[in-house]
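Quick note, the sequence shown lines up with residues -17 to 346 if you use the numbering used here.
For glycine and all other residues, C-beta sits at the position ideal for the given N, C-alpha and C.
Every value quoted in this text rests on a predicted model; they were computed, and no experiment measured them.
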Amino acid sequence: MSLPKAIASGPAASTPDAVKPVRVAIGAGVLAALYLFVLFVVEPVPTRVLTVYGGAKNDVERHGGLEMQWQPPPGMTDKEIVERFRTGEHRAQLRRDGDAYVISFPRVQRDQVEDTAKFLGGEDGLEFHRVLRVKEMQELARLLELPMRNAKPVDMDVDQWRPDEGGEMRTDYFLIGERWEDIDAKLAEAEAKGWQLPEGTRIAWENLTTERGVLWRTYVIDERVEVDGGDIENALGSYDPNTNRPIVLLDFTRQGADKFGKLTEEIVGEKLATMIGNQVYSAPIINGAIRGGRASITMGASDPAQQERERDLLVGTLRAGALPKGGKIVKSGYVEPIDDSVQQWLARGTLALGGGALIGLLAW
């Protein structure tokens, strides 16, 4: 059995068993071109390539999304804002516009524009707060004559726990009801009678699914923001292996990990509230300093579909970055995607022909 001779020139190049370089080049080029064409039909054409052909300049124009104008808080520099905000081809775009910033965030649905703007703009962003146990909450039961026997629509209840390392029993009083509006009305009634929380604290809410149904409860939190979304390096959507509820896995920045480790060390035996806006999503008891640079958030909605929507929205915005509180969302709105289907086909054809020609040249 004789083997083909790969000879580019000379008398032997005309023998029947010689490999023809031109034929090899054409064959390799055609196969490469077909592969690239099919690849970019299945996979999206890179946005940067589309721009060359007059298509979408970024992912917001291509897929639609949010565009908002945000005014930073006084004294915050451009460098500080850019460092907190991660930008890129498939992430949010950030540009100066006078004394404000224009922020464009791709793949946001029309009905998610308002919530996403609040997340990005710092109004309803991710924050970690200390949960405080204050005597003023215990006084509410007497002041409002709450029986603490599951009365409706609002009653007082109590959490009790002993830290893992031992020590005294911890007791936390809270209001619970079927609607947060009913609880808010009770708090207003108490304030009219002269009741108030200690300075530097406020009420936060958690939505619970219990044997008694879906209920709301209160927490007293320290108003100081200990760690926020700007301390998050990355976020990933997942599911709790025990409950199968949607969760968000957080990776802190180096500075964020140090802050989170210090915070959890200071509050061992107490609770730490993970909050979005004024709603508490989880408030676990901290049994030791957490220094691994990772944490997780369990979504708080009772409807599984809503839990997944909230998780995906939070993951997307945390990946983009988080602007600090104190700024102002001047306006926000939905950007319709442009129709650049012709440019996409041109880009696919050019990428296929260019790639095929390059492979053919290399083969030749």
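Residue environment analysis places methionine 119 among the buried positions, since at least 16 neighbouring C-beta atoms fall within 10 angstroms of its C-beta. Per the Cβ contact rule, the stretch 72 to 90 is in contact with the stretch 286 to 305 (3 or more Cβ pairs under 8 angstroms). Here glycine 259 has Asp106 as same chain residues with Cβ atoms under 6 angstroms from its own Cβ, once five neighbours each way along the sequence are excluded. In the three-state reduction of the DSSP assignment, alanine 334 falls in the helix class. Between leucine 328 and tyrosine 35, the alpha-carbon positions lie close to 7 angstroms from each other. The alpha helix (DSSP H) runs of length 4 or more contained entirely in the stretch 135 to 215 are, from start to end of the chain, 162 to 174. The beta-carbon distance between lysine 241 and glutamate 208, rounded to whole angstroms, is 7 angstroms. This is short enough to meet the 8 angstroms contact definition. One thing to note: glutamate 109 has its Cβ no nearer than 8 angstroms to the Cβ of methionine 281. Contact check for glycine 338 and alanine 38: beta-carbon distance about 25 angstroms, past the 8 angstroms limit, so the pair fails to qualify.
The beta carbon of methionine 151 is closer than 7 angstroms to those of Gln142, Arg144 in its chain, skipping five residues each way along the sequence.
Judged by beta-carbon spacing, valine 312 lies beyond the 8 angstroms limit of glutamine 94, meaning their Cβ atoms are not closer than that value. Separation of the CB atoms of aspartate 139 and isoleucine 158 is rounded to 5 angstroms, and the pair is thereby assigned contact status at 8 angstroms. Distance between phenylalanine 101 and histidine 111, taken at the CA atoms: about 17 angstroms. In terms of Cα proximity to phenylalanine 19, the closest of Thr332, Ile341, Ala345, Leu344 is Thr332. Taken in chain order, the complete alpha helix (DSSP H) segments of 4 residues or longer contained in the stretch 4 to 85 are 29 to 34, 41 to 45, 60 to 66.
The DSSP-derived three-state label of valine 317 is strand.
Bounds of the beta strand (DSSP E) holding threonine 256 are 254 to 258. In the structure shown, aspartate 233 falls within a strand segment according to DSSP collapsed to helix, strand and coil.
Taking all protein chains in view, the Cβ of glycine 182 is surrounded by fewer than 16 other Cβ atoms within 10 Å, so the residue is classified as exposed.
Going by C-alpha positions, threonine 246 is about 26 angstroms away from glutamate 62. Only exposed fits glutamine 288, as fewer than 16 other CB atoms lie within 10 angstroms of its CB.
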